[in-house]
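Protein chains: 2
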Amino acid sequence: MTVKSKDSRPGGRSARVRAAVHRAVVELVQEVGADNVTIPAVARRAGVNPSSVYRRWGTAPALLADVADQRQDEEAPELLGDLREDLERAAVWTLTDLSRPGGVAFFRAEVAPDVDERRAGLRACLERVSARFQAPLAAAAERGEPVPALERVLDRVVAPLYFRVVFSVPETDEQYARDLVAELCAPGRDAAPGDRGHR
Amino acid sequence: MTVKSKDSRPGGRSARVRAAVHRAVVELVQEVGADNVTIPAVARRAGVNPSSVYRRWGTAPALLADVADQRQDEEAPELLGDLREDLERAAVWTLTDLSRPGGVAFFRAEVAPDVDERRAGLRACLERVSARFQAPLAAAAERGEPVPALERVLDRVVAPLYFRVVFSVPETDEQYARDLVAELCAPGRDAAPGDRGHR
DNA sequence: TGACTAACGCAAAGATCACTGCTTTAGTCG
DNA sequence: CGACTAAAGCAGTGATCTTTGCGTTAGTCA
Numbered sequence: 000m001t002v003k004s005k006d007s008r009p010g011g012r013s014a015r016v017r018a019a020v021h022r023a024v025v026e027l028v029q030e031v032g033a034d035n036v037t038i039p040a041v042a043r044r045a046g047v048n049p050s051s052v053y054r055r056w057g058t059a060p061a062l063l064a065d066v067a068d069q070r071q072d073e074e075a076p077e078l079l080g081d082l083r084e085d086l087e088r089a090a091v092w093t094l095t096d097l098s099r100p101g102g103v104a105f106f107r108a109e110v111a112p113d114v115d116e117r118r119a120g121l122r123a124c125l126e127r128v129s130a131r132f133q134a135p136l137a138a139a140a141e142r143g144e145p146v147p148a149l150e151r152v153l154d155r156v157v158a159p160l161y162f163r164v165v166f167s168v169p170e171t172d173e174q175y176a177r178d179l180v181a182e183l184c185a186p187g188r189d190a191a192p193g194d195r196g197h198r
Numbered sequence: 000m001t002v003k004s005k006d007s008r009p010g011g012r013s014a015r016v017r018a019a020v021h022r023a024v025v026e027l028v029q030e031v032g033a034d035n036v037t038i039p040a041v042a043r044r045a046g047v048n049p050s051s052v053y054r055r056w057g058t059a060p061a062l063l064a065d066v067a068d069q070r071q072d073e074e075a076p077e078l079l080g081d082l083r084e085d086l087e088r089a090a091v092w093t094l095t096d097l098s099r100p101g102g103v104a105f106f107r108a109e110v111a112p113d114v115d116e117r118r119a120g121l122r123a124c125l126e127r128v129s130a131r132f133q134a135p136l137a138a139a140a141e142r143g144e145p146v147p148a149l150e151r152v153l154d155r156v157v158a159p160l161y162f163r164v165v166f167s168v169p170e171t172d173e174q175y176a177r178d179l180v181a182e183l184c185a186p187g188r189d190a191a192p193g194d195r196g197h198r
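From first to last, the protein sequence lines are chains C and G. If you count the first sequence from 1, position 136 lands on 135 in numbering that gives the first Met the number 0, and the numbers rise without skipping. If you count the second sequence from 1, position 107 lands on 106 in numbering that gives the first Met the number 0, and the numbers rise without skipping.
1. Mind checking if V201 of chain C is an interface residue toward chain G, Cβ cutoff 8 Å exclusive?
2. Would S167 of chain G count as contacting chain C if we go by Cβ distances under 8 Å?
3. If you pair each beta-carbon of the region 42 to 55 of chain C with each one of the region 84 to 92 of chain C, do three or more pairs fall below 8 Å?
4. Looking at the unbroken alpha helix (DSSP H) that takes in D96 of chain G, where does it start and where does it end?
5. Do we get a CB-CB distance below 8 Å when we pair L136 of chain G with the residues of chain C?
6. Residues in its own chain within less than 7 Å of P159 of chain C by CB, not counting five upstream and five downstream?
7. I'd like to know if F105 of chain C contacts chain G, where contact means its C-beta is closer than 8 Å to some C-beta of that chain.
8. DSSP on R122 of chain C, reduced to helix/strand/coil?
9. Within a Cβ cutoff of 8 Å, which residues of the same chain sit near L183 of chain G, ignoring the five residues on either side of it in sequence?
10. How is the alpha helix (DSSP H) around V41 of chain C delimited, first residue to last?
11. Rounded to a whole number of angstroms, what is the C-alpha to C-alpha distance between T171 of chain G and R99 of chain G?
12. Indicate whether V66 of chain G and V103 of chain G have their beta-carbon atoms separated by less than 8 Å.
13. Please report how far the alpha carbon of G57 of chain G lies from the alpha carbon of Q133 of chain G, in whole angstroms.
14. Quick one: is the Cβ of A42 of chain G within less than 7 Å of any heavy atom of the ligand ADP?
15. What separation, rounded to the nearest whole angstrom, lies between the Cα atoms of V41 of chain G and P145 of chain C?
16. Roughly how many angstroms lie between the CA atoms of V31 of chain G and L62 of chain G, to the nearest whole one?
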């Protein structure tokens with residue numbers, strides 16, 4: 000059986016509706032913010048009946064989470080074999096992913112759902128991000144190189160990125176993401192992140 | 000004119016209503032989550048008419064933000080004169096503040112409001128947190144000691160704390176908060192945060 | 001003490017959302 | 001091609017939420 004996961008009838012209307020709804024969600028999240036995205040609004044924009052959306056996704060948070068899920072499974076990284084370079088790529092990827100319109104909003108949406116699903120959403124979100132960095136780490140470890148613990152990467156690279164994006168700290172760009180990795184890999188040798196003329 | 004900021008009639012009913020509403024908000028945020036806090040529910044619990052709440056705060060996010068504001072202005076730190084110790088206290092304070100029931104929820108609430116107020120709420124939130132660390136830094140600088148940049152403290156201490164609390168990473172406790180500061184002040188000398196038998 | 005008024009309570013009306021039986025559409029498969 | 005059925009559309013219902021006009025309460029100040 001060719002597993003396409005969901006949609007027992009992937010070949011037509013069902014898929015079209017899903018696509019239209021997803022597009023509508025992305026647009027609305029950008030326009031009015033994740034908190035103000037309601038199912039009727041999404042349905043209107045998607046040219047779909049609200050009841051269809053209710054039946055498929057149930058609640059707005061669930062819909063948001065679904066879109067967020069699908070959104071991050073699109074791209075696939077490639078390993079170069081150099082730990083620092085690969086980590087930098089993962090960092091830049093994370094930053095890009097977080098910076099695009101609605102990026103933080105989706106992050107927030109996934110963190111939001113009610114207590115029972117919440118832990119699950121959090122785990123999934125954290126593990127997706129972790130996976131990006133764990134791949135390079137595992138590869139380097141296999142090559143016999145000394146590697147920092149994943150927790151350390153999260154603290155020193157991922158956490159600052161999230162924090163700065165959420166708070167809209169200026170000068171949080173790709174160069175900064177690379178600097179974070181650089182300082183993690185070669186502490187004290189390079190300039191500290193942000194030491195490039197921040198007036 | 001004795002400026003008491005808000006409330007042109009601070010001496011009675013108005014203040015009581017505000018207190019009752021604030022208490023109700025805190026309780027509800029803990030019980031049902033910040034997203035499910037509605038104005039009618041708050042009003043019911045506070046024994047107040049919904050219209051009063053609507054007239055004073057307008058929307059639920061605005062109410063949440065107001066409560067979050069008032070919540071953090073309660074305590075006042077004290078400086079000991081030792082940079083590292085003072086930073087550790089600030090870190091522990093931040094963690095405690097974030098960990099108490101509804102702490103993250105309030106953080107999220109303040110980040111949420113619609114685009115126009117959002118930047119303001121973010122700035123305020125960031126500046127409040129920054130202030131906790133800037134005081135020790137300024138004091139140490141005045142004493143002629145070398146001090147790290149505030150941005151660096153945010154990246155290395157505050158960001159990981161926020162990140163780990165939001166994602167419910169285990170073993171994120173006071174000891175861990177101190178370790179973050181320790182590693183910032185004396186890089187490489189002490190054990191890296193988390194290196195205390197994390198199996 | 002008594003007039004003044006900001007803020008609250010009350011109630012009604014309108015809007016939106018969430019849900020559900022039933023009908024219709026459109027892929028799927030023999 | 002024709003029967004089958006998963007999914008979408010439609011329409012009606014109940015439950016909140018939100019807003020607004022108006023009367024009432026309770027601090028404030030001369």
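We put the CB at the ideal spot given by N, CA and C, even for glycine. Keep in mind the model is a prediction, meaning the values are calculated, not measured.
According to the structure data:
1. What is shown of chain C runs 0 to 198, which leaves residue 201 of chain C out entirely.
2. Yes, S167 of chain G counts as interfacial toward chain C.
3. Not touching, per the Cβ criterion.
4. Here the alpha helix (DSSP H) through D96 of chain G covers L82 to S98.
5. No, L136 of chain G lies away from the interface with chain C (no Cβ there is under 8 Å from its Cβ).
6. Excluding five sequence positions before and after P159 of chain C, the CB atoms of its chain that fall closer than 7 Å to its own CB belong to L179, given in chain order.
7. No - not a single Cβ of chain G is within 8 Å of the one on F105 of chain C.
8. In the three-state scheme derived from DSSP, where H, G and I count as helix and E and B as strand, R122 of chain C is classed as helix.
9. Closer than 8 Å at Cβ, skipping near neighbours: L86, P147, R151, V152, R155 and V156.
10. Taken as a continuous stretch (DSSP letters only), the alpha helix (DSSP H) holding V41 of chain C covers I38 to A45.
11. Each residue's Cα considered, the two are about 13 Å apart.
12. The answer is no: Cβ separation not under 8 Å.
13. Their backbone Cα atoms lie some 34 Å apart in a straight line.
14. This structure simply doesn't include the ligand ADP, nor any ligand for that matter.
15. A straight line joining the alpha-carbon of V41 of chain G with that of P145 of chain C spans about 54 Å.
16. Going from the Cα of V31 of chain G to the Cα of L62 of chain G covers about 16 Å.
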